[in-house]
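Here the structure comes first, spelled out in structure tokens, and everything after it is commentary.
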Amino acid sequence: MSRWATRLNGVVWRLTVVAALAISAGSVLAADSEPNQKLPRFVSLRSDVVNLRVGPGENYPIEWVLTRKEMPVEVIREFEHWRMIRDWQGTEGWVHERMLTIKRAVAVRGAVRALHRLPDANSEIVARAEPGVFARLIECRGSWCRIEAADITGWVQRSEVWGVYPDELVQ
127 MSRWATRLNG VVWRLTVVAA LAISAGSVLA ADSEPNQKLP RFVSLRSDVV NLRVGPGENY
187 PIEWVLTRKE MPVEVIREFE HWRMIRDWQG TEGWVHERML TIKRAVAVRG AVRALHRLPD
247 ANSEIVARAE PGVFARLIEC RGSWCRIEAA DITGWVQRSE VWGVYPDELV Q
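With this note's numbering, letter number 69 in the sequence shown gets 195, and the count goes up by one each step, no holes.
So, in structure tokens, the structure goes:
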């Protein structure tokens, strides 16, 4: 490839990146960059490849690469545009705020958990979820949370999932 063609490819690539960033700017601002949000708080990963760094900046080495889009994480510290997060297994590190979204998710923990049709232990079981399954958090009522995984919606005990606080109101 000629030097001119290589340079043109680089320019096209940069313009593509800039256009993608401009298109997603509104959702990025609504993600996790709003000031004065409480700590700690739960969010989820925006991408299926997120570098977890040892410090708040691109100059810090990458310690882990998280590879599950919409995985629930807990923001425990902030520094400028960087967020220190903790995942459901206790791994901690720093990510850029662009890698997070306010969409809520939970991780099933402990043992295989029953998803009930209603927020009642005596209601019909619609599915069972293995430990480590990630699900979209829809709402919580008292000690029950409604979640959706693999197009199945059901209720689980709040204590059986990671990604929601015991006294948190989720609607």
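Just so it is clear, CB atoms sit at the ideal spot from N, CA and C, and this is done for glycine as well.
It should be emphasised that the depicted structure is a prediction, and the values quoted were computed from it without experimental measurement.
Check whether the region 268-275 and the region 230-249 are in contact - that is, three or more C-beta pairs closer than 8 Å.
yes
CB of Trp214 within 9 Å of CB of Met197, strictly
By 1-based counting over the sequence shown, the position of residue 214 is 88. By 1-based counting over the sequence shown, the position of residue 197 is 71. Going by C-beta atoms, Trp214 is nearer than 9 Å to Met197.
Between Leu263 and Val232, what straight-line distance do the alpha-carbon atoms span, to the nearest angstrom?
Residue mapping note: residue 263 aligns to position 137 of the sequence shown, counting from 1. Residue mapping note: residue 232 aligns to position 106 of the sequence shown, counting from 1. Approximately 6 Å between the Cα atoms of the pair.
According to DSSP, simplified to helix, strand and coil, what is Met210?
Here residue 210 is taken as the residue at index 84 of the sequence shown, counted from 1. Strand, per DSSP.
Cα-Cα, which of Glu200, Leu241 and Ser173 is closest to Thr193?
Indexing the sequence shown from 1 puts residue 193 at position 67. That would be Ser173, whose Cα lies nearest to the Cα of Thr193.
Do you know offhand how far Val175's Cα is from Met225's?
As a first step, residue 175 is located in the sequence shown; it is residue number 49 there, counting from the start. As a first step, residue 225 is located in the sequence shown; it is residue number 99 there, counting from the start. Whole-angstrom Cα-Cα distance: 9 Å.
Would you give the residue range spanned by the beta strand (DSSP E) that Arg272 belongs to?
Residue 272 sits at position 146 when you count from the first residue of the sequence shown. Segment Trp270 to Ala275, the beta strand (DSSP E) holding Arg272.
What does the alpha-carbon distance come out to for the pair His77 and Arg203?
The shown model of the chain, from 127 to 297, leaves out residue 77, and the question about it has no answer.
According to DSSP, is Ser285 helix, strand or coil?
As a position in the sequence shown, residue 285 is number 159, starting the count at 1. Helix.
Phe260 and Val234 - do their beta-carbons sit closer together than 9 Å?
In the sequence shown, residue 234 corresponds to position 108, counting from 1. In the sequence shown, residue 260 corresponds to position 134, counting from 1. Contact: yes.
Go through its chain and collect everything with a Cβ distance to Val180's Cβ below 6 Å, but skip five positions before and after it.
Position 54 of the sequence shown holds residue 180. For Val180, where only same-chain residues beyond five positions count, the Cβ hits under 6 Å are Tyr186, Pro187 and Glu189.
Assigned exposure category for Gly183 - 16 Cβ within 10 Å defines buried:
Numbered from its first residue, the sequence shown carries residue 183 at position 57. So Gly183 counts as exposed.
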